[in-house]
Amino acid sequence: MAVGITLLIILVLSIAIWVIIEIKRLKHKLFAIFLIGLLLFAYFGSVMAFKGKDVDYKTVPGLIDATKIYFSWLGFIFTNMKTLTAGAVQMDWESNETIKS
Numbered sequence: 010m011a012v013g014i015t016l017l018i019i020l021v022l023s024i025a026i027w028v029i030i031e032i033k034r035l036k037h038k039l040f041a042i043f044l045i046g047l048l049l050f051a052y053f054g055s056v057m058a059f060k061g062k063d064v065d066y067k068t069v070p071g072l073i074d075a076t077k078i079y080f081s082w083l084g085f086i087f088t089n090m091k092t093l094t095a096g097a098v099q100m101d102w103e104s105n106e107t108i109k110s
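Numbered per this note's numbering, the sequence shown finishes at 110, counting up by one with no gaps.
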C-alpha cells in the first residue's frame, strides 16, 4: 500500500512539473504569436496607408511624412471603431415582432 501511495505522489509531482513547464512554453508561444500578428498588422497596415501615395523613403523628411501618414491612418482606425461601437450600442436590439416563428 505504501508503494502505491509513493507512486501516486511521484506521478502527481511529475504531472505538476510537466504542466508548469508547458505553461511556461505556452507563454512564450503566445508572445511569439502576438509578435507575428503585430508585424503582419504593421505590414498590411502600411500597405493600406500608403496605397496611392508617393512616399520617399530615402530622405528624412520623406520618412517623417510616412510616419505621419501611418499614425494618422492608425488613429482613424480607432476613431472608426469608436463610432462603430457607439452605433452598435445605440441600436434597438429587441426581437423583431413582425416575423412570426
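All C-beta atoms in this analysis are idealised placements derived from N, C-alpha and C, irrespective of residue type, glycine included.
*What span of residues does the alpha helix (DSSP H) with residue 79 cover, start to end?*
69-99
*Spatial neighbours of residue 57 within its chain, please: CB distance less than 8 Å, with the 5 preceding and 5 following residues excluded, ordered by chain position.*
82
*Do the CB positions of residue 73 and residue 62 come within less than 8 Å of each other?*
no
*To which residues of the same chain is residue 92 closer than 6 Å at the C-beta, ignoring the five residues directly before and after it?*
none
*Under the three-state DSSP convention, the category residue 62 falls into*: Coil at residue 62, not helix or strand.
_Cβ separation of residue 64 and residue 54, assumed to be a contact under 8 Å, to the nearest whole Å_ = Actually they are not in contact, since the Cβ atoms of residue 64 and residue 54 sit about 14 Å apart, beyond 8 Å.
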